[in-house]
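Student: If you scroll down you'll find the structure; I have some questions about it.
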Amino acid sequence: MTRTSLARRLVLACIVAAALPAAAQTYPTKPIRVIVPYAAGGSTDQLARAIQQPMSDLLGQPVIIDNRPGAGGTIGTDMVAKAAPDGYTLVFGNTGPSAVVSMMRKTPYDELKDFRPISTVAITPMILAVPADIPVTTAKEFVAWVGKHPNLNYGSVGNGSLSHMTGEYFNSLAGTRLTHIPYNGGAPLTTAFVGGQVQASFVTGLDGATMLATGKVKYLAVGTPQRTPVVPGLPAIAEEIPGFRSSAWFGLLAPKGTPDEIVAKLNAAVVAAVRRPEIQKLFASRNVEARSSTPAEMEALIRDEIAQWKPVIRDSKIEM
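Quick note on numbering that gives the first Met the number 0: the sequence shown kicks off at 0 and runs consecutively.
What follows is the structure, given as structure tokens:
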């Protein structure tokens, strides 16, 4: 390499480096694309679309939802990992592709190294749901009932999903031997539940609402460490199975290298959007807690999830 070409490259690098802070100061100047790594209509998609217009209003630019499903959420998530770190391509992630999936299969990205957390948007407990006609009303009674009825199963929304991991976690702590039956999403799981093919499941409030509406399913307890107003009247599983905790989080992440100024602007917009009364009311109606965070708090949450679920995935040999 000649001195002239080296000098040109250094000048170009300096220009690019200088341009990022300048762009951050005027951000945003064009529409922002939020990739949802799941199909339209699912729980993650519903929450992303709920804050779409408030975010647009607060940022002064359209926020466009782009559904890119596939491979347990890793296809859409990887698109953001490889996107330019300019704040115009974000991912609306959750516990799966943004925290634990790489422990089940090889992924083209690293959950911690390739993203900058912006803020959580919502937290929802995993809820123990069972057929309405079985004679139990608590998690402890359910464990005893399972002990008297061998060859029972629990359904999940898919291999490697949080509902799958939570079921194996429950087996481990409660000493049950429920067999896992994966379904391709909430709708098929609901159909199986209503049809009597499933004896239990761990669901979010979003997925469970349709099940409850059939009258064929009931809730027993929530996966938060304590009782939560998000699902009024239900005890915590941990009251009878000490140490049990399982909740799903949803939130926004940007590619690594996104400037601090842009992350701060996006965080402020999420915080303001989540505080809006209409968002609080909407989320509560779906058994979801509207909860924002700082980027540091969100990163700590992701690290905690990885630490919690790694031994469960390893010991239960969960794969995708």
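Where is the CB? At the ideal position from N, CA and C, for every residue including glycine.
Quick caveat, the model's predicted, so the values are computed rather than measured.
Where does A39 fall in DSSP's three states?
Tutor: Correct three-state label for A39: coil.
Student: Can you give me the Cβ contacts of G185 inside the same chain, cut-off strictly under 6 Å, excluding the 5 residues immediately before and after it?
Tutor: Counting only Cβ-Cβ distances below 6 Å, and skipping sequence neighbours, we find V156 and D206.
Student: Between which two residues does the beta strand (DSSP E) harbouring G71 extend?
Tutor: Run containing G71: none; DSSP gives neither H nor E here.
Student: Do S245 and M78 have their C-beta atoms closer together than 8 Å?
Tutor: Not a contact, by the Cβ cut-off of 8 Å.
Student: If we count Cβ pairs, one from each stretch, closer than 8 Å, do we get three or more for the segment 196-215 versus the segment 60-67?
Tutor: With the cut-off at 8 Å, the segment 196-215 and the segment 60-67 do not touch.
Student: Looking at I240: is its Cβ nearer than 8 Å to the Cβ of A138?
Tutor: Contact: yes.
Student: Less than 8 Å separating the beta-carbons of P36 and T88?
Tutor: The answer is no: Cβ separation not under 8 Å.
Student: Look at the alpha carbon of Y182 and the alpha carbon of G71, and state the distance between them as a whole number of angstroms.
Tutor: Roughly 13 Å separates the two Cα atoms.
Student: Closest to S292 by CA distance: which of L252, D314, P276 and D56 is it?
Tutor: Nearest of L252, D314, P276 and D56 to S292, Cα basis: L252.
Student: Opposite H163 in the DSSP bridges: which residues?
Tutor: Paired residue(s): none; H163 is not in a bridge.
Student: Could you check how far apart the C-beta atoms of V129 and Q198 are, in whole angstroms? I think they sit under 8 Å.
Tutor: Confirmed, about 7 Å.
Student: Rounded to whole angstroms, what is the Cα-Cα separation between G59 and V270?
Tutor: Near 16 Å, if we compare the C-alpha coordinates of V270 and G59.
Student: Would you tell me roughly how many angstroms separate the C-alpha atoms of P116 and G86, rounded to the nearest one?
Tutor: Near 12 Å, if we compare the C-alpha coordinates of G86 and P116.
Student: Check whether the Cβ atoms of T94 and A247 lie closer than 8 Å to each other.
Tutor: Yes, these two residues count as a Cβ contact at 8 Å.
Student: State the CB to CB distance for the pair G222 and F201, rounded to an integer number of angstroms; the pair is presumed to be in contact (CB under 8 Å).
Tutor: Indeed they touch by this definition, with Cβ atoms about 7 Å apart.
Student: Just the C-alpha distance for R274 and R176, rounded to the nearest angstrom, thanks.
Tutor: Looking at the two C-alpha atoms, the distance is approximately 42 Å.
Student: Is it buried or exposed for P231, if we count other Cβ within 10 angstroms and need 16 for buried?
Tutor: P231 is exposed by the Cβ-count criterion.
Student: In chain order, which beta strand (DSSP E) runs of at least 3 residues are fully inside the segment 164-227?
Tutor: Taking only runs of at least 3 residues, the beta strand (DSSP E) segments lying wholly in the segment 164-227 are 178-181, 200-202 and 216-221.
Student: For a quick check, are the C-beta atoms of Q24 and E260 less than 8 Å apart?
Tutor: It is a contact, given that the beta carbons lie within the stated cut-off.
Student: Where L281 and Q225 are concerned, what is the direct C-alpha to C-alpha distance, given to the nearest angstrom?
Tutor: Looking at the two C-alpha atoms, the distance is approximately 23 Å.
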